[in-house]
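Below is one structure, written out as structure tokens; comments come after it.
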Amino acid sequence: MLNVEVKGISFQNKGAELMLHAIQEEFAKRQVDARFVVEPIGDYQRRCNFGLWQKTRYIKRKINCLFPFSLLPSFMRKMLGFINENEIDVVLDASGFSYGEQWSPLVAKYRLASTISGMKNRGTKVIVMPQALGPFESTAQKKYFGHILNTADKVFARDDNSFAYASTLLKASTKQGTLAQCGDFTNIISGLADDNFDPNMHKICFIPNSKMLEMRTDGEAYIEFVIALIENVIDSSPFILIHEADADRRLAETIQQRLSRRIPVLDPQHALKIKWIIGQSNVVVSARFHGLVSALSQGVPVVATGWSHKYKELLNDYEMGEWLFDVASETERALTKTNLLLTQASTYNQVVEVIQSNAAKHKQRVKAAWDEIFAIITAKY
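Under the working numbering, think of the first position of the sequence shown as 562, with each following residue one higher.
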């Protein structure tokens with residue numbers, strides 16, 4: 562049985578939870594027996610629900626607080642669900658978007674850069690799953706992610722920009738083909754039906770993103786943008802879907818208080834139920850990246866906003882670039898385009914056809930990437 566460590570996931574982030582589902586599902590589909598291991602961060606019960614083992618590593622103030630557990634005999638660690646780092650066979654980094662100037666370089670350092678050389682010396686396979694990367698401008702960012710890139714067995718950039726940013730850090734000595742490109746890998750998993758969804762009440766899905774307030778300087782413009790779009794379709798069964806944690810719930814309530822009347826809110830705790838609801842919607846208005854991926858991969862038209870290059874790249878991948886809007890200056894254009902989508906069946910059907918065509922291509926690319934990943938993993942055994 563393989564011990565597979567999954568890095569970068571958090572149960573506060575439903576996109577990260579989707580990535581964990583996708584990884585576990587792919588191993589099951591290919592009948593590769595594995596224990597999935599994570600550093601014990603966050604809610605213990607949620608980890609139990611996924612059958613996750615705990616790694617004996619939790620860094621606090623540069624100290625591994627769980628080091629004493631690593632000294633226990635193997636049978637005791639198995640009783641407690643602990644796995645030591647030297648027992649890890651495969652590392653899959655599913656960070657999504659954690660490496661680049663938007664984040665502290667310490668994320669790259671402590672998540673992977675500080676330990677990857679030791680892993681490789683022990684024969685561990687290290688794969689950076691498809692994710693947004695860069696830009697890399699500071700010396701520290703270049704140092705830490707450059708070390709990851711040039712040491713890992715495989716690194717997948719999720720889009721053209723990410724690939725270009727990462728390419729600048731490649732060393733001539735690094736094996737050709739180490740860096741590759743592949744879109745988000747949650748597109749091939751199916752959702753899980755939610756009994757709370759009513760197709761008569763829940764037609765136009767609004768997914769708020771508190772990151773739009775945190776990562777941009779025009780947070781109020783974003784709130785006004787969402788309110789304007791909801792008011793425009795207030796009689797067409799709009800609803801709010803909570804995709805993440807408490808901050809999104811608070812933002813949803815702020816929006817509700819400023820509407821002419823309150824609209825339904827769905828708040829499922831299961832990431833696959835969220836994906837299913839998105840797939841049942843007629844249109845999805847989202848600033849959550851994985852909300853957009855879940856819509857596009859299921860052929861649902863989107864009205865998109867965002868706070869980083871990953872949104873533009875995603876929309877372009879599906880030939881939907883014109884459906885990404887600047888909240889500060891393009892409210893009227895968004896309203897016009899949304900009205901066309903909702904009132905002209907020919908426009909709606911044409912958009913769906915383009916999305917579905919591109920979705921099929923991206924699913925094939927993800928399947929090919931998984932083939933390559935498992936070729937790397939199984940080459941050792």
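Every residue, glycine too, gets a C-beta built ideally from N, C-alpha and C.
Burial is judged here by how many other beta carbons sit within 10 angstroms of a residue's own beta carbon; residue 610 has fewer than 16 and is exposed. When rounded, the separation of the alpha-carbon atoms in residue 846 and residue 591 is 35 Å. Proximity to residue 729 across 862, 661 and 872 peaks at 661, based on C-alpha coordinates. Here the C-alpha atom of residue 752 lies approximately 16 Å from the C-alpha atom of residue 766. Apart from the 5 residues on each side of it in sequence, residue 713 sits with its Cβ closer than 6 Å to the Cβ of 687 and 689 in its chain, given in chain order.
Three or more Cβ pairs closer than 8 Å define a contact, and the segment 921-937 falls short of that threshold against the segment 893-910. Per DSSP, the continuous alpha helix (DSSP H) segment holding residue 875 begins and ends at 870-878. Bridge partners of residue 692 according to DSSP: 718. Between residue 584 and residue 577, the C-beta gap is not smaller than 8 Å, which leaves the two residues out of contact. Counting only runs that start and end inside the segment 845-930, the alpha helix (DSSP H) elements of at least 4 residues fall at 850-857, 870-878 and 892-904. CA-to-CA, the gap between residue 800 and residue 701 works out to about 43 Å.
The Cβ atoms of residue 802 and residue 768 lie closer than 8 Å to each other. For residue 766, the enclosing beta strand (DSSP E) has its first and last residue at 765-768.
Residue pairing from DSSP places residue 799 in a beta bridge opposite 765. Residue nearest to residue 860 within the set 843, 851, 831 and 866 is 843 (criterion: CA-CA distance). Secondary structure note for residue 834: its alpha helix (DSSP H) is the uninterrupted segment 832-841.
Excluding its 5 nearest sequence neighbours in each direction, residue 620 has C-beta neighbours in its own chain below 7 Å: 671, listed in chain order.
DSSP places residue 624 in the strand class (E or B) of the three-state scheme. In the displayed model, residue 654 falls within a strand according to three-state DSSP. In the structure shown, residue 806 falls within a coil segment according to DSSP collapsed to helix, strand and coil. For residue 668, the enclosing alpha helix (DSSP H) starts and ends at 666-669. From the listed residues 711, 745, 756 and 723, the smallest Cα separation to residue 737 is found for 711. By the CB criterion at 8 Å, residue 770 and residue 827 fall outside the cutoff. Taking 8 Å as the upper bound for CB-CB distance, residue 868 and residue 764 are not in contact here, some 27 Å apart.
In this structure, DSSP gives residue 597 an extended state, which the three-state scheme calls strand. Per DSSP, reduced to three states, the secondary structure at residue 660 is strand. At a Cβ-Cβ threshold of 8 Å, residue 930 and residue 691 count as neighbours.
Residue state for residue 757 is assigned as coil, using DSSP reduced to three classes. Between residue 617 and residue 631, the C-beta gap is smaller than 8 Å, which places the two residues in contact.
In this model, residue 884 and residue 916 are separated by some 12 Å (Cα to Cα).
Counting along the chain, residue 567 sits inside the beta strand (DSSP E) bounded by residues 563-568.
In the structure shown, residue 585 adopts helical secondary structure according to DSSP, grouped into three states.
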